[in-house]
Structure formats: C-alpha cells, structure tokens
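*Asks:* Counting from -9, one number per residue, gives the positions in the sequence shown under the working numbering.
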Amino acid sequence: MSADWDLVVVGAGPAGTSAALGALHHDPSLRVLLLDRADFPRDKACGDGIAPHALDMLAGIGVRGLLDDRVPVRRLRLSHGPAAVERAMARPAYVVPRTVLDARLVEAALAAGATLRRHRVREVRAGGQDDPVAVDDVRGAVVVGADGAHSQVRRALGRPRGPAALAVRGYAPVADGRRGAQVIRLGTEHQPSYAWSFDCGDGTANVGYGELLRADRPSPTRADLLARLDRLLPGATAGARAWQGHHLPLSTARWRPSDGRVLLAGDAAGLVNPLTGEGIFYAVATGLAAGRAAATAVRDGRPQIAGRRHRRATREVLLPHLRHTAAAARLSRSSRVLTAGLHAAGRDQRVFDDLVELGLARGRLTPTLALGLGRALLHPSLTEESA
Ligand SMILES: Cc1cc2nc3c(=O)[nH]c(=O)nc-3n(C[C@H](O)[C@H](O)[C@H](O)COP(=O)(O)OP(=O)(O)OC[C@H]3O[C@@H](n4cnc5c(N)ncnc54)[C@H](O)[C@@H]3O)c2cc1C
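In structure tokens:
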C-alpha cells in the first residue's frame, strides 16, 4: 500500500506547524498534510509567554520576524510569601495571544508548502514496518502526533499519561504595579502552584492560576482556581474575560520518544516544564526535530526509522535538561528552598538568569545556581532583594 502523503501531522499548534516547517525546510518537495479539528485563528488556554529561544529555533529555518510587531517584556517578578525578586531578563520574552501566534505559524507552514485540512482525527492505525500509517481515511509514510494534552495519537500508541497540572487563564486590564512585566506569584497552598499576570503590551494582561493535580487531593473546580488566583494576586480577576482552562502534561526525567513511523511532539509528548508550565519552546523544538527526522527518513526510503532519528536528535538535547528540571521541581516543593532560590536570585543576576533558563528552555541546575541556593539556605538572613 502506498502513502497519500509523505508526512501527516495531527494538530496545527506550535508543535504541528513546527513539524511541517522542519520537514519542508529540509525538503520543500515533500507532501505534508496538517490536520486540525479547529479553524484558525483559534484560541488556546495559555499564559501566552513565549521564550525567545522558540523564536531563535524558528529563525534558524528561515521563519524570521514572527513577532517583530509585538512589544517585548523585559522584566520578570517572582515572589513567594514575603520573598520577592524582580529583575530584567537576559533576553526579553513576548506575551502574544495564541490566536495571533498560532495563526502566524499556520500561515508560515502553508507558505512553505503544507496543506491544511479541518478534520478531527479519531483513529490512527500503524500497520507493519513497510506499511504507511492510516490516519482515519488518509495514509502517511510518517505521522507526527502534535495534537496536544489529550492526544489521540499518543493514545493510539498505547502510551500512558504522565503527571499533569490544571490551569485557567483570562484577559484583564493590566493592573498598576504589574505593567511591563511577567509577574509570577508562587503558591503557599496546593503546591506546586502559581498565579501569573503577564503584560501583553496593549493595556491587557494575561492572568491565570495553575496547580499540580495530585491523586491525594480533589481536582480543583474552575471556581477554586479563580479564587486561588485572586488570593495570590488580588484584583487580577477584576474585569477579566475569556476564561479558559486546560491540562498541562508535565515532563519527567523518564521521557522516552517513540520509535517507528509515528512520532510525538509538544504536549502530545508530555513536554511541559514542571517548574513553570512553559511548553511552547518544547513544542517548537520537538516539532522541528520530528519534521526533520521524517523528511530525512522519507528521503532515504526508510520512513520506519523516522522515530529512531527523532529520538536520537531530541534525547541528546533535551534529556539532560529534563532531568535537571525534574530535580528542580522536586526541590521546589519545599517552601524553604523556594524562598532561598528567590533570595539567591535577588543577590546575584547570574543565579536569576540561570533560573530563568531552567524554567524557559534548555537550562540546567548550574554550579552558580546550586552555590547561590546553598548559600541562601545556609545564610537566610542575607536578603538583599532587588524588588
Ligand atoms: C493555562 C495555561 C497556561 C500556559 N502558559 C504557557 C506560557 O505562558 N508559555 C508557554 O510556553 N506555555 C504555556 N502553556 C503550555 C502551552 O500552552 C502548551 O505547551 C502548548 O500549547 C503546546 O503546543 P502543542 O502544539 O503541543 O499543542 P496545542 O497548542 O494544544 O495544539 C494542539 C492542536 O491539536 C489540535 N487537535 C487536538 N486534538 C485533535 C484531533 N483529534 N484531531 C485534529 N486536531 C486535534 C487542537 O485543535 C490544537 O490546535 C500553558 C498551558 C496552559 C493550559
């Protein structure tokens, strides 16, 4: 049986569009089909914080200037109880509604030669080694599952779900004192949890709250989440609209990409940073890598090794980082460690920068970070915060 498409991508969010772009950058003649159940522009519950690293990766394959018309956010404020630190980030981030970001990524994928169809995928069937993969009634030589937190493709592969958080977000007039910054207030209850207010640069802020779901406590309702947001950031819900909630599938140190012709990327692969809830960078990084792996495997006439190539490319880059974030997430369950981390970041810009890198992209628990944390734990009285 022959394939209708060289690559079928399920989901046209950041992971899916990056997969299409990665494949077509490698070989513009590939037949790439993007399937999404939604029409674009479409909204997606998100804090809308976009790490510059994701834009770097896209620029690396020629998708430049994607957010040049948006106002960058330079400052980050972190607080927990009475401890607080606010500093300029080494590189500014962006806060861009997903109706805008995702539609631009879809446009870029279409301009590169992908075909987009509105279709809700219900069934994915991988046959033998030599057979294409059936995605409902189309057949792809390689398939990338980029269909988000409740991925149908991941389910078809029989992969279990890992730990998850639940978060809700809305848009509100930006409050005085929270302008020009990404403000994150870490919870003291229902931990790990945090509330945020991210200035969009147009008079509104993306505000929200999320917490880890645990088997030993009841799942929070939307009313619970909103009440906890308002407790941590008083006034954040005033005048807010467009509330939406969603799960965040958190990464662990045991992440293992799939083999064969069916690859997973982004949330479908369980790749949200357990410290910060950031997932767009991982979606772009694993999407691009999946697209590239699919393109080279198809070019070599061996689509069945696409998964192996994707695994090699991504594990090398991501696995050490995922181990470090998993360790940091465990440490951050202690209020004492969180407070010490903020004190250390307040004392030393390098600690702050390393912390941001760990939470946003590929950072590690560096010696600078470990030393700063150790000192702050040993000498909690030395608190020169740059609030
Ligand atoms: C409240 C909240 C706040 C967050 N804040 C941030 C943040 O500030 N910064 C950050 O980096 N990350 C944040 N995240 C995480 C981020 O939203 C995700 O990691 C990111 O969207 C992952 O991209 P993706 O392409 O893998 O999946 P998605 O963006 O979820 O895209 C999946 C696509 O698949 C489509 N789809 C799903 N099922 C099917 C199907 N069966 N058939 C066809 N199409 C299908 C969907 O319509 C969707 O378009 C947040 C998440 C939440 C919930």
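Just so it is clear, CB atoms sit at the ideal spot from N, CA and C, and this is done for glycine as well. No experiment lies behind these values; they were computed from the predicted model shown.
Are there 16 or more other CB atoms within 10 angstroms of the CB of histidine 369, so buried, or fewer, so exposed?
*Replies:* Exposed, because fewer than 16 other Cβ atoms sit within 10 Å of the Cβ of histidine 369.
*Asks:* Could you tell me the alpha carbon to alpha carbon distance between alanine 360 and alanine 131, rounded to whole angstroms?
*Replies:* Near 46 Å, if we compare the C-alpha coordinates of alanine 131 and alanine 360.
*Asks:* Which value, in whole angstroms, describes the spacing of the CA atoms of glutamate 375 and tyrosine 199?
*Replies:* Model confidence at glutamate 375 stands at a pLDDT of 42, short of 50, so the residue's coordinates are unreliable; what they give is reported in the following sentence. Answer to the nearest angstrom: the Cα atoms are 25 Å apart.
*Asks:* Does DSSP classify glutamate 268 as helix, strand or coil?
*Replies:* Coil at glutamate 268, not helix or strand.
*Asks:* Between which two residues does the beta strand (DSSP E) holding threonine 329 run?
*Replies:* It is not in any beta strand (DSSP E) - threonine 329 instead sits in the alpha helix (DSSP H) that spans 325 to 337.
*Asks:* Classify valine 307: buried if its beta carbon has 16 or more other beta carbons within 10 angstroms, exposed otherwise.
*Replies:* It is exposed - the Cβ of valine 307 has fewer than 16 other Cβ atoms within 10 Å.
*Asks:* From what residue to what residue does the alpha helix (DSSP H) around serine 8 run?
*Replies:* Unbroken alpha helix (DSSP H) run through serine 8: 4 to 16.
*Asks:* According to DSSP, is alanine 351 part of a helix, a strand, or is it coil?
*Replies:* Alanine 351 falls in the coil class under three-state DSSP.
*Asks:* Let me know if histidine 394 comes out buried or exposed under the rule of 16 or more other beta-carbons within 10 Å of its beta-carbon.
*Replies:* As shown, the chain starts at -9 and ends at 377. That puts residue 394 outside it, with no answer to give.
*Asks:* At what residues does the beta strand (DSSP E) containing histidine 70 begin and finish?
*Replies:* Start and end: 63 to 70.
*Asks:* May I have a chain-ordered list of the alpha helix (DSSP H) segments no shorter than 4 residues that lie completely inside the segment 252 to 323?
*Replies:* Here the runs fully enclosed are 270 to 289, 296 to 321.
*Asks:* Under a Cβ-count criterion, where at least 16 other Cβ atoms within 10 Å of its own Cβ denotes burial, should glutamate 179 be classed as buried or exposed?
*Replies:* Under this definition glutamate 179 is an exposed residue.
*Asks:* Spell out the partners DSSP gives valine 158 in its beta bridges.
*Replies:* BP columns for valine 158 point to Tyr199, Gly235.
*Asks:* For the alpha helix (DSSP H) that glycine 42 lies in, which residues bound it at each end?
*Replies:* Residue identity check: residue 42 is proline in the sequence provided, not glycine. 42 to 50 is the span of the alpha helix (DSSP H), which, as asked, contains proline 42.
*Asks:* Taking 6 Å as the cut-off, is the CB of aspartate 189 close to at least one heavy atom of ligand 1?
*Replies:* Not under cutoff, so the answer is no.
*Asks:* What would DSSP say about proline 82, mapped onto helix, strand or coil?
*Replies:* Three-state result, proline 82: strand.
*Asks:* Measuring straight from C-alpha to C-alpha, what distance separates leucine 367 and leucine 265?
*Replies:* In a straight line, the C-alpha of leucine 367 is about 19 Å away from that of leucine 265.
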